[in-house]
């Protein structure tokens with residue numbers, strides 16, 4: 002705030018000891034108090050990945066089709082994983098052409114090979130793995146995968162494997178992908194060298210319980226907004242931001258309630274509001290966090306042009322008084 006100064010006081014905290022971790026919602030915390038703006042000139046998957054690796058969260062803008070925005074969210078979620086849960090697989094009877102198309106579409110360098118499902122199971126047993134090393138010089142695109150895949154002495158791990166054990170197995174066997182299997186020898190996950198290296202380079206990254214980078218995305222109200230939100234949730238979005246100029250309105254409150262009915266695990270930020278009453282209405286509708294401010298930014302002229310709004314510091318103080326009573 003250009004018009005606000007803080008009085009300095011006595012401190013016994015050294016700069017290196019300062020902890021700037023914060024809480025976005027009851028379920029989501031950040032290591033740095035930064036959420037990048039949901040503007041089409043600011044946040045898409047590339048910045049969202051960088052911000053999440055630094056410890057914050059990027060909010061992907063909604064000036065995209067619902068499918069495009071969902072793909073942006075998916076790109077963030079897939080960029081780094083503690084373990085890729087339910088990875089893409091292929092059957093041994095599939096052709097090399099199908100395998101190459103699958104790897105290109107999902108931007109992966111290897112795929113576990115599993116039998117066709119039997120006895121009502123979702124997937125069959127693991128029988129091999131197909132990597133770029135197996136297909137690098139293959140020329141017959143109609144060759145079946147089972148003729149090319151690595152099937153002897155497969156290196157696997159159980160689902161409770163920790164990172165250190167995974168690193169030991171990857172190094173000992175000089176492999177880049179470790180397949181995680183259950184008691185029925187079904188493929189349930191994949192741990193890669195690249196993901197372990199990324200985790201080591203970015204120890205403060207903002208991640209979900211599965212070790213994936215967190216992603217947020219903006220949505221709006223009405224049926225268009227609802228369709229967009231469904232796609233975002235399906236793509237794994239951690240934080241849906243109902244992004245409107247006036248958040249204290251019936252359609253925004255309805256949108257928040259509908260999103261919480263869609264998925265109680267997906268967290269909802271709603272706004273913008275500039276009063277305590279506005280914050281209370283959004284919280285009562287189910288919002289997990291409230292976005293405060295009407296016209297506070299350097300390029301937003303709502304208060305000047307429309308004569309509507311509240312000075313930002315006052316708006317924050319009024320909203321905080323309400324939010325703290327609800328632990329928000």
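Numbering (my numbering), first residue to last: 2 to 329.
Every residue gets a Cβ at the ideal spot worked out from N, C-alpha and C, and that includes glycine.
Three-state class that DSSP yields for residue i in the structure shown
i           : result
residue 173 : helix
residue 226 : helix
residue 289 : coil
residue 278 : helix
residue 11  : coil
residue 32  : coil
residue 63  : coil
residue 157 : strand
residue 72  : helix
residue 44  : coil
residue 103 : helix
residue 244 : strand
residue 115 : strand
Beta-carbon proximity of residue i to residue j, cut-off 9 Å
i           : j           : result
residue 25  : residue 270 : yes
residue 313 : residue 294 : yes
residue 218 : residue 242 : yes
residue 52  : residue 36  : yes
residue 291 : residue 320 : yes
residue 111 : residue 118 : no
residue 29  : residue 301 : no
residue 200 : residue 83  : yes
residue 279 : residue 308 : no
residue 113 : residue 90  : yes
residue 131 : residue 151 : yes
residue 81  : residue 203 : yes
residue 305 : residue 263 : no
residue 72  : residue 236 : yes
Integer-rounded CB distance, given that residue j should sit under 8 Å from residue i
i           : j           : result
residue 238 : residue 88  : The Cβ separation is near 20 Å, so there is no contact.
residue 310 : residue 275 : 6 Å
residue 77  : residue 109 : About 16 Å separates the two Cβ atoms, so there is no contact after all.
residue 54  : residue 61  : Between residue 61 and residue 54 the Cβ distance is about 15 Å, and since that is not below 8 Å, they are no contact.
residue 273 : residue 245 : 7 Å
residue 21  : residue 33  : 6 Å
Nearest neighbour of residue i, chosen from the options [CA to CA]
i           : options            : result
residue 79  : 306, 2, 209        : 209
residue 149 : 168, 167, 128      : 128
residue 40  : 29, 84, 59         : 59
residue 231 : 8, 107, 306, 67    : 67
residue 116 : 23, 303, 185       : 185
residue 221 : 103, 6, 5, 63      : 63
residue 211 : 10, 85, 11, 6      : 85
residue 325 : 3, 18, 305, 27     : 27
residue 56  : 47, 38, 23, 45     : 23
residue 285 : 327, 31, 38        : 327
residue 266 : 282, 240, 168, 134 : 240
Counting pairs of Cβ atoms below 8 Å between the stretch 90–99 and the stretch 142–159, do you hit three or more? yes
Flag this pair as touching only if the stretch 155–170 and the stretch 215–229 have three or more C-beta atom pairs under 8 Å; answer yes or no. no
Given 8 Å, three or more beta-carbon pairs between the stretch 191–200 and the stretch 162–178: yes
Quick test of the definition: if touching needs 3 or more C-beta pairs under 8 Å, does the stretch 223–232 touch the stretch 240–256? yes
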